[in-house]
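Asker:
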Amino acid sequence: MTIRANNLIIAGNVIDIPLLLAPMAGVTHSAFRRLVADFGGYGALFTEMLSAPAVLRENLAVSPFTRRRTAEGAVFYQLALVDSENIGPVMDKLATLNPYGIDINLGCAAPEIRKRGGGTELFEDRDRLQAVLAAARSRWEGLLTVKCRLGRRVPDWQERFDDRLRIIREAGVDAVTVHPRFAEDKLTRKAQWSLFPGIVAEAGLPVIANGDIVSAHEAKALTGESRCSGCMIGRMAAVKPWIFREISRGPEAVDYREIWNRFYGYVAEDFPPEKRIGRLKQFTAYFACNFFFGHELYRQVQGSKDCATLRDRADRFLAGSPALVKEPSVTGI
Ligand SMILES: Cc1cc2nc3c(=O)[nH]c(=O)nc-3n(C[C@H](O)[C@H](O)[C@H](O)COP(=O)(O)O)c2cc1C
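As structure tokens, this is what we get:
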């Protein structure tokens, strides 16, 4: 069985390749999605999480959070909501972009999002969750998905998780991405893939697996024996923006220097000057994992005060054909 043998079907919509790019704040902006699209091999991409005020404030056609190029294909826009206020206008404005789908973030464990009641906190709060999903469903007829973790690490977590799956299904959500870590878990703790067969059996919806997926072997096992409908990859796509092509079609040689410089150009095209350096540093922190002395690239880039210095340092490192690690790892990053 190849990963291409399984389509991902969500509410009758066929996504040819069951591989998705995970939403990542600061990473899956328009310049990065453009780079991933150059390599192809995926079924759909997710934007980073968008707050309701940001959607209402931004010019969505030009904002690098929401801008989309035709080559990207299917793009899901992810919302980080805290309540049902303003959901109507937010959905209506997003609909003008003709999204492939809209996703609601129920899994972000970042303290600033949790403090506001979003992400994993929204997942915990049954009533608020029901209200948000009902409001979203009533205003948006297209594909509606959610992304969640396992909830809090408490003795009756399984019961609570199954209850949330029921709420999600009964609200008319079309698919659920599960990142099987508890709300409190850091990314250093392994995602619990062994839970997927049970989650799939319980969900009654297509389940997309997420967390620590880095190769074709894992993607095949999760969509095969574990019966997940698709796989979502986050950090390893920032390390290897060609990961989807590699999983779909097998390994091919890549030119690291050219890819980094291309990304630099894409960031320069989409971001205003003052916003570029942060995005370049964040991407390069992941990209550096490809190299044996990647910590040197990381150190030089993080210490750069302006984009010209950063580019010069990165290019000099990459021009030296730096030794590659055999298998890059995303553990703990
Ligand atoms: C830098 C960073 C930003 C993230 N931002 C989001 C986000 O905006 N929305 C979301 O649902 N998850 C977010 N996540 C979680 C990822 O989507 C994903 O669940 C997690 O990284 C595990 O998948 P991976 O092992 O393939 O990276 C983020 C993760 C990272 C590392």
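Residue numbers for the sequence shown follow this note's numbering, so the first one is 8 and each next one is one higher. Don't be surprised by glycine CBs; every beta carbon is placed ideally from N, CA and C. Remember, it's a predicted structure, so these values are computed and weren't measured experimentally.
1. Say the cut is 8 Å; is the CB of Pro-30 nearer than that to a heavy atom of ligand 1?
2. Per DSSP, what are the beta-bridge partners of Gln-85 in this structure?
3. Secondary structure at Cys-235, three-state DSSP: helix, strand or coil?
4. Note down, in chain order, each residue of its chain lying with its Cβ closer than 7 Å to the Cβ of Tyr-271, except the 5 sequence neighbours on either side.
5. Taking 8 Å as the line, does the beta carbon of Glu-253 fall inside it for any heavy atom of ligand 1?
6. If we define contact as Cβ-Cβ less than 9 Å, is Glu-119 a contact residue for chain B?
7. Measuring from the CB of His-341, is there a heavy atom of ligand 1 at a distance below 8 Å?
8. Does the distance from the C-beta atom of Leu-88 to that of Asn-112 stay below 9 Å?
9. Return the CA-CA distance between Phe-324 and Tyr-263, expressed in angstroms with no decimal places.
10. Is the distance from the Cβ of Glu-209 to the Cβ of Asp-169 below 9 Å?
11. Just to confirm the assignment, what range does the beta strand (DSSP E) spanning Cys-155 have?
12. Any heavy atom of ligand 1 closer than 8 Å to the Cβ of Asn-297?
13. Below 9 Å between beta carbons: does that hold for Pro-106 and Gly-47?
14. With a threshold of 8 Å, establish whether the CB of Cys-98 neighbours any heavy atom of ligand 1.
15. In the region 259-291, which residue ranges form an unbroken alpha helix (DSSP H) of at least 4 residues, counting only runs that do not cross its ends?
16. Can you tell me the Cα-Cα spacing of Arg-252 and Asn-93, whole angstroms?
17. Going along the chain, which residues of its own chain have a beta-carbon closer than 7 Å to the beta-carbon of Asp-219, five neighbours each way excluded?
18. Please determine whether the Cβ atom of Arg-286 lies at a distance below 8 Å from any heavy atom of ligand 1.
19. Identify the residues that DSSP records as bridge partners of Ala-17: which are they?
20. Grouping DSSP H, G and I as helix and E and B as strand, with all else coil, what is Val-337?
21. Per DSSP, what are the beta-bridge partners of Thr-184 in this structure?
22. Any idea which residues DSSP pairs Leu-28 with across the strands?
23. Terminal residues of the continuous alpha helix (DSSP H) containing Trp-147?
24. If you count every other CB in all the chains shown that lies within 10 Å of the CB of Arg-171, and 16 or more means buried, which is it?
25. Compute the minimum distance between the beta carbon of Cys-115 and the heavy atoms of ligand 1, and state whether it is under 8 Å.
26. Can you tell me whether Phe-300 is helix, strand or coil according to DSSP?
Answerer: Taking the definition as stated:
1. Mapped onto the sequence shown, residue 30 falls at position 23. Pro-30: yes, Cβ under 8 Å from ligand 1.
2. Mapped onto the sequence shown, residue 85 falls at position 78. Note: Gln-85 sits in a beta bridge opposite Met-56, Asp-110.
3. Against the sequence shown, residue 235 aligns to sequence position 228. Cys-235 falls in the coil class under three-state DSSP.
4. Along the sequence shown, read from residue 1 onward, the residue named residue 271 stands at position 264. Excluding sequence neighbours, Tyr-271 sits near Leu-287, Arg-318.
5. Walking along the sequence shown from the start, residue 253 turns up at place 246. No, since every heavy atom of ligand 1 falls outside the 8 Å radius drawn around the Cβ of Glu-253.
6. Structure shown: chain B not included; a single protein chain is present.
7. Nothing can be reported for residue 341, as the shown portion of the chain is limited to 8 through 340.
8. Counting from one through the sequence shown, the residue named residue 88 turns up at place 81. Counting from one through the sequence shown, the residue named residue 112 turns up at place 105. Yes. Within cutoff.
9. Here the question's residue 324 lines up with position 317 in the sequence shown. Here the question's residue 263 lines up with position 256 in the sequence shown. Rounded to whole angstroms, Phe-324 to Tyr-263 spans 11 Å at the Cα level.
10. Looking up residue 209 in the sequence shown gives position 202. Looking up residue 169 in the sequence shown gives position 162. The answer is yes: Cβ separation under 9 Å.
11. Position 148 of the sequence shown, counted from the start, is the residue given in the question as residue 155. Run containing Cys-155: 150-155, per the beta strand (DSSP E) assignment.
12. Your numbering for residue 297 matches position 290 in the sequence shown. Because no heavy atom of ligand 1 lies under 8 Å away, the Cβ of Asn-297 does not count as near it: no.
13. In the sequence shown, the residue the question calls residue 106 occupies position 99. In the sequence shown, the residue the question calls residue 47 occupies position 40. Against a cut-off of 9 Å, the Cβ pair of Gly-47 and Pro-106 comes out as no contact.
14. In the sequence shown, residue 98 corresponds to position 91, counting from 1. A quick correction: the sequence has Met, not Cys, at residue 98. No; taking the cut-off as 8 Å, the Cβ of Met-98 has no heavy atom of ligand 1 nearer than that.
15. 263-277
16. Taking the first residue of the sequence shown as position 1, residue 252 is located at position 245. Taking the first residue of the sequence shown as position 1, residue 93 is located at position 86. Computed Cα separation, rounded: 39 Å.
17. Residue numbering aside, residue 219 sits at position 212 when the sequence shown is read from its first letter. Hits under 7 Å: Lys-197, Ala-198.
18. Residue mapping note: residue 286 aligns to position 279 of the sequence shown, counting from 1. For ligand 1, not one heavy atom lies less than 8 Å from the Cβ of Arg-286.
19. The residue given as residue 17 occupies position 10 in the sequence shown. Note on identity: in this sequence residue 17 is Ile, with Ala being the wrong assignment. Bridge partners of Ile-17: Asn-20.
20. Numbered from its first residue, the sequence shown carries residue 337 at position 330. Coil.
21. Numbered from its first residue, the sequence shown carries residue 184 at position 177. Per DSSP, Lys-154, Ile-215.
22. Sequence index remark: in the sequence shown, residue 28 carries index 21 (1-based). In the DSSP output, where bridge partners are listed per residue, Leu-28 has Leu-52, Ile-240.
23. Stepping through the sequence shown from its first residue, residue 147 is reached at position 140. Unbroken run through Trp-147: none, as it is neither H nor E.
24. For the purposes of this step, residue 171 is taken as the residue at position 164 of the sequence shown. Counting Cβ neighbours within 10 Å, Arg-171 comes out buried, since at least 16 surround it.
25. Sequence index remark: in the sequence shown, residue 115 carries index 108 (1-based). Indeed, a heavy atom of ligand 1 lies less than 8 Å from the Cβ.
26. For the purposes of this step, residue 300 is taken as residue 293 along the sequence shown, with counting starting at 1. The answer is coil: DSSP assigns Phe-300 none of H, G, I, E or B.
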